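With my numbering, the residue at position 82 of the sequence shown is 350, and numbering never jumps. Where is the CB? At the ideal position from N, CA and C, for every residue including glycine. The structure presented is a predicted model; accordingly, all values stated were derived computationally and were not measured. Worksheet for the structure shown next.
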Amino acid sequence: MQFNTDKQTVDELNLLGKFRQGSVYHLFNEVKTRGGEQLLDQMFRNPLLDANSINQRSSIFHFFQQSNLGFSFDVQQLNIMREYLDGGTGKNALATASSMIIQKLLSKLTRDERYKKSVQGLQATIVTLNRSHGMLELLQQLKSPLAERVNQLIHLLSDKQLEKLRNTDIYAELSVTTLSQYDHLLKSRFPAEMENLLQFIYELDLYIAVGNVARKKGFTYAKALAPEMNVLKASNLAHPCIDKAIGNNVFMSEDQNVIFLTGANMAGKSTLMKSIGIGIYLAHMGFPVAAKNFEFSVREGMYSSINVADNIGLGYSHFYAEVVRVKQAADAAASGKRLLLMFDELFKGTNVKDAYDGTLAVTEAFAEYQDCLFIVSTHIIEVGEALKETDNIQFRFMPTIMDGARPRYTYILEEGITEDRQGMMIIRNEGILEMLKS
Numbered sequence: 269m270q271f272n273t274d275k276q277t278v279d280e281l282n283l284l285g286k287f288r289q290g291s292v293y294h295l296f297n298e299v300k301t302r303g304g305e306q307l308l309d310q311m312f313r314n315p316l317l318d319a320n321s322i323n324q325r326s327s328i329f330h331f332f333q334q335s336n337l338g339f340s341f342d343v344q345q346l347n348i349m350r351e352y353l354d355g356g357t358g359k360n361a362l363a364t365a366s367s368m369i370i371q372k373l374l375s376k377l378t379r380d381e382r383y384k385k386s387v388q389g390l391q392a393t394i395v396t397l398n399r400s401h402g403m404l405e406l407l408q409q410l411k412s413p414l415a416e417r418v419n420q421l422i423h424l425l426s427d428k429q430l431e432k433l434r435n436t437d438i439y440a441e442l443s444v445t446t447l448s449q450y451d452h453l454l455k456s457r458f459p460a461e462m463e464n465l466l467q468f469i470y471e472l473d474l475y476i477a478v479g480n481v482a483r484k485k486g487f488t489y490a491k492a493l494a495p496e497m498n499v500l501k502a503s504n505l506a507h508p509c510i511d512k513a514i515g516n517n518v519f520m521s522e523d524q525n526v527i528f529l530t531g532a533n534m535a536g537k538s539t540l541m542k543s544i545g546i547g548i549y550l551a552h553m554g555f556p557v558a559a560k561n562f563e564f565s566v567r568e569g570m571y572s573s574i575n576v577a578d579n580i581g582l583g584y585s586h587f588y589a590e591v592v593r594v595k596q597a598a599d600a601a602a603s604g605k606r607l608l609l610m611f612d613e614l615f616k617g618t619n620v621k622d623a624y625d626g627t628l629a630v631t632e633a634f635a636e637y638q639d640c641l642f643i644v645s646t647h648i649i650e651v652g653e654a655l656k657e658t659d660n661i662q663f664r665f666m667p668t669i670m671d672g673a674r675p676r677y678t679y680i681l682e683e684g685i686t687e688d689r690q691g692m693m694i695i696r697n698e699g700i701l702e703m704l705k706s
């Protein structure tokens, strides 16, 4: 099974994008190795669906956040080792020795670089094995949650031949015989073990990088609960990519699984919804979240409708694109999956009467799916009054405070339905009417 979402949701929440400023991926991308980056990408594209697996991964990141360990490996040496091991021959010892002798002869007679690269590759491997042994011993002393893996790798590096290799002086000239013996040892006897060790180093790179981000940002770790509980409980939840973002408390449960959100433009409704969506996504990855506390029942997927655009290629108007998006969400909810669904300003592409009727009808229909969690925002506050008899809908708003004729936004979620109507006041404040008259 896979966490269900789509490109629109990923784009609206700005989750992916290595070089995309402000993306959640960019925030956490402090890894130093290519292998670490591949793991980061894999985790971002494959959120977990099992509460135990999520909590276990979170505990690993939390350990590295608290331990404040540095990545002690030389990235250039790791790359040389990677290239050296990838050039494995699978030959027997005699064939390996013959090949090494030929390479050395060619290095003296021509500009053949293979022998030099073999020497450099072995030297880089020795350096990496010794640094690995030191890191593994430290992790063992600190009683890391990776104990089983750590013990297996320490046992591997305690092999007499590998131990002899680790004690080799990399600055002393190696004979062709010695070089070929170690080449055969690493590439023919221990190729899978060396690959496993490199993967562990890449994992360390990722764990340390994510832990460092969490420590610098003051992030915490979510607690995953069974899907059947249908709970989302967060305190001081904020957008992770906004500096000094204001946090809010959010609580949803099976008997209060719909948040009907109102507030003026610029009051923070969209940012709040994005904060919740990003928090849920990161929590399913086992990553740190921008909250003081965060508990959630595992979801099977998440869909948002925050920045729906028209589609000229398909001939969709803005309103029809909104309708198509709601239909997609309805299909997902009707499938029986436990989802988080978020809609910002439903049906803003049509007239007020149709928007009112559509928002009311869709919100009432969604409220019947109590295995899912819904957040619906709108400017049409009259819809809220019509929904007050629906028991499982909770009403929240983002307030606007007037400083004279100027609106000020607190970005702090409050209970109830807003009564703010400052649209015309903002238009007047910007001098639009006077400009048109002149």
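In chain order, what residues of the same chain have a beta carbon less than 7 Å from the beta carbon of residue i, not counting five sequence neighbours either side?
{"i": "residue 678", "result": "667 and 669"}
{"i": "residue 480", "result": "298"}
{"i": "residue 345", "result": "392, 395 and 396"}
{"i": "residue 410", "result": "335"}
{"i": "residue 341", "result": "396, 399 and 469"}
For residue i, tell me which candidate among the options has the shortest Cα-Cα distance.
{"i": "residue 716", "options": "301, 483 and 527", "result": "With the chain running from 269 to 706 in the structure shown, residue 716 is simply not present."}
{"i": "residue 682", "options": "411, 537 and 313", "result": "537"}
{"i": "residue 423", "options": "405, 411 and 647", "result": "405"}
{"i": "residue 327", "options": "475, 611 and 496", "result": "475"}
{"i": "residue 660", "options": "523, 597 and 470", "result": "523"}
{"i": "residue 640", "options": "646, 304, 604 and 657", "result": "604"}
{"i": "residue 498", "options": "285, 301, 550 and 319", "result": "319"}
{"i": "residue 281", "options": "508, 647 and 316", "result": "508"}
{"i": "residue 510", "options": "539, 493, 636 and 648", "result": "539"}
{"i": "residue 654", "options": "675, 630 and 671", "result": "630"}
{"i": "residue 301", "options": "323, 348, 316 and 674", "result": "348"}
{"i": "residue 602", "options": "636, 331 and 588", "result": "636"}
{"i": "residue 664", "options": "388, 672, 622 and 531", "result": "531"}
{"i": "residue 478", "options": "446, 331 and 389", "result": "331"}
{"i": "residue 643", "options": "597, 621, 672 and 680", "result": "597"}
{"i": "residue 329", "options": "417, 389, 287 and 473", "result": "473"}
{"i": "residue 646", "options": "316, 529, 341 and 487", "result": "529"}
{"i": "residue 390", "options": "535, 618, 442 and 624", "result": "442"}
{"i": "residue 286", "options": "495, 310, 565 and 415", "result": "310"}
{"i": "residue 384", "options": "447, 413 and 425", "result": "447"}
{"i": "residue 680", "options": "340, 652, 534 and 591", "result": "534"}
{"i": "residue 628", "options": "468, 657 and 606", "result": "657"}
{"i": "residue 686", "options": "672, 651 and 671", "result": "651"}
{"i": "residue 486", "options": "323, 308, 591 and 333", "result": "333"}
{"i": "residue 337", "options": "382, 407 and 525", "result": "407"}
{"i": "residue 648", "options": "672, 634, 638 and 622", "result": "622"}
Enumerate in chain order the residues of its own chain whose CB-to-CB distance from residue i is below 8 Å, with the five nearest sequence positions on each side excluded.
{"i": "residue 394", "result": "433, 434, 436 and 438"}
{"i": "residue 504", "result": "515, 516, 517, 559, 560 and 561"}
{"i": "residue 550", "result": "292, 490, 508, 556 and 557"}
{"i": "residue 288", "result": "282 and 294"}
{"i": "residue 484", "result": "none"}
{"i": "residue 339", "result": "300, 472, 473, 476 and 477"}
{"i": "residue 580", "result": "Low confidence applies to residue 580: its pLDDT is 46, below 50, so where it sits in the model is not reliable enough to give any reading."}
Check for me: the alpha helix (DSSP H) holding residue i runs from which residue to which?
{"i": "residue 671", "result": "Note, residue 671: premise wrong, no alpha helix (DSSP H); beta strand (DSSP E) at 668-671."}
{"i": "residue 326", "result": "319-335"}
{"i": "residue 464", "result": "459-485"}
{"i": "residue 553", "result": "537-553"}
{"i": "residue 410", "result": "Note, residue 410: premise wrong, no alpha helix (DSSP H); not H, not E."}
{"i": "residue 299", "result": "First-last for residue 299: undefined, no H or E at that position."}
{"i": "residue 681", "result": "That residue, residue 681, is in no alpha helix (DSSP H); it is neither H nor E in DSSP."}
{"i": "residue 635", "result": "620-635"}
{"i": "residue 419", "result": "415-425"}
{"i": "residue 652", "result": "650-655"}
{"i": "residue 352", "result": "343-354"}
{"i": "residue 277", "result": "275-280"}
If you follow the beta strand (DSSP E) that residue i is part of, which residue opens it and which one closes it?
{"i": "residue 675", "result": "674-677"}
{"i": "residue 563", "result": "561-565"}
{"i": "residue 446", "result": "Where residue 446 is concerned, there is no enclosing beta strand (DSSP E), although the alpha helix (DSSP H) it sits in stretches over 444-452."}
{"i": "residue 609", "result": "607-612"}
{"i": "residue 531", "result": "526-531"}
{"i": "residue 500", "result": "500-505"}
{"i": "residue 492", "result": "491-493"}
CB-CB under 6 Å to residue i, same chain, minus the five flanking residues each way: which ones, in chain order?
{"i": "residue 608", "result": "548, 567, 570 and 641"}
{"i": "residue 573", "result": "593 and 611"}
{"i": "residue 626", "result": "615"}
{"i": "residue 274", "result": "none"}
{"i": "residue 269", "result": "317"}
{"i": "residue 583", "result": "At residue 583, the pLDDT of 45 sits below 50, so the modelled position is not reliable and the matter cannot be decided from this model."}
{"i": "residue 599", "result": "none"}
Please tell me whether residue i has its Cβ less than 8 Å away from any Cβ of chain B.
{"i": "residue 272", "result": "Among the chains of the structure shown, chain B does not appear; only one protein chain is present."}
Problem - Segment contact flag, the segment 399-414 with the segment 347-356, C-beta cutoff 8 Å, min 3 pairs - result: no
Problem - At least 3 beta-carbon pairs within less than 8 Å: the segment 517-525 vs the segment 289-303 - result: Because the criterion of three Cβ pairs below 8 Å is not met, the segment 517-525 and the segment 289-303 do not touch.
Exercise for the section: Would you check if the segment 539-547 and the segment 556-567 touch, i.e. whether three or more CB-CB distances between them fall below 8 Å? Expected result: Segments in contact, yes.
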